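Heads up, the thing below is written out as structure tokens.
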Amino acid sequence: MTIIVTVQVITRKAFNFVFFWSEEITLLLLIWFSFLGIAIGFREKLHLAMDALAKRLPARFNKALDYIIGTATLLFGGYLILYGWEFTVLMHNNTMTATDWPSSVMYVIMPITGVMICVYTILQLLGVDTVRHRHLDEEVQE
Numbered sequence: 001m002t003i004i005v006t007v008q009v010i011t012r013k014a015f016n017f018v019f020f021w022s023e024e025i026t027l028l029l030l031i032w033f034s035f036l037g038i039a040i041g042f043r044e045k046l047h048l049a050m051d052a053l054a055k056r057l058p059a060r061f062n063k064a065l066d067y068i069i070g071t072a073t074l075l076f077g078g079y080l081i082l083y084g085w086e087f088t089v090l091m092h093n094n095t096m097t098a099t100d101w102p103s104s105v106m107y108v109i110m111p112i113t114g115v116m117i118c119v120y121t122i123l124q125l126l127g128v129d130t131v132r133h134r135h136l137d138e139e140v141q142e
């Protein structure tokens, strides 16, 4: 994405020329990276949390709260799968202007993200630690 935007800026400023597909591909990649970032955020447990109250509550209550949050997250993943797929199918007959690709290419990342969120949530509910980059947080705190 960075290379495409850099080339687009250089060719526009230096040669007064723009690749007709560059903005559309950049937008497509931005959407895909954003949704994949959401799934990775759930894997790394980087979603928003309010610990001030939870730290003062008993461990048994926090465990129940974790299951409630996990269930809500699983429902959100299911929502992305179900309605993301319906929207992808609905948009398949439309085409993107510059590339002439079906618009469903832009939206198919929604159900993919939903599947990833569901898998990570199920693993977390089963007690599997899905966090892969725990050491990065420790370096920031130092």
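In full-length UniProt numbering, the protein residues as written are 1 to 142.
Even glycine gets a Cβ: it sits at the ideal position worked out from N, Cα and C.
Predicted, not measured: the structure shown is a model, and the values here were computed from it.
- Nearest C-alpha to Tyr83 among Tyr67, Gly127, Ala52 and Thr113: Thr113.
- Secondary structure at Thr95: strand, using DSSP grouped into helix, strand and coil.
- For the options Ala39, Ile38, Asn16 and Ile109, the alpha carbon positioned closest to that of Phe87 is the one of Ile109.
- Taking a cut-off of 8 angstroms on C-beta distances, the segment 93 to 107 does not touch the segment 63 to 79, as fewer than three cross pairs fall below it.
- Pro111 sits in a helix when the DSSP states are folded into three classes.
- One alpha carbon belongs to Tyr120, the other to Arg56, and they sit about 27 angstroms apart.
- For Trp85, the CB contacts under 7 angstroms within the same chain, skipping 5 residues up- and downstream, are Pro111 in chain order.
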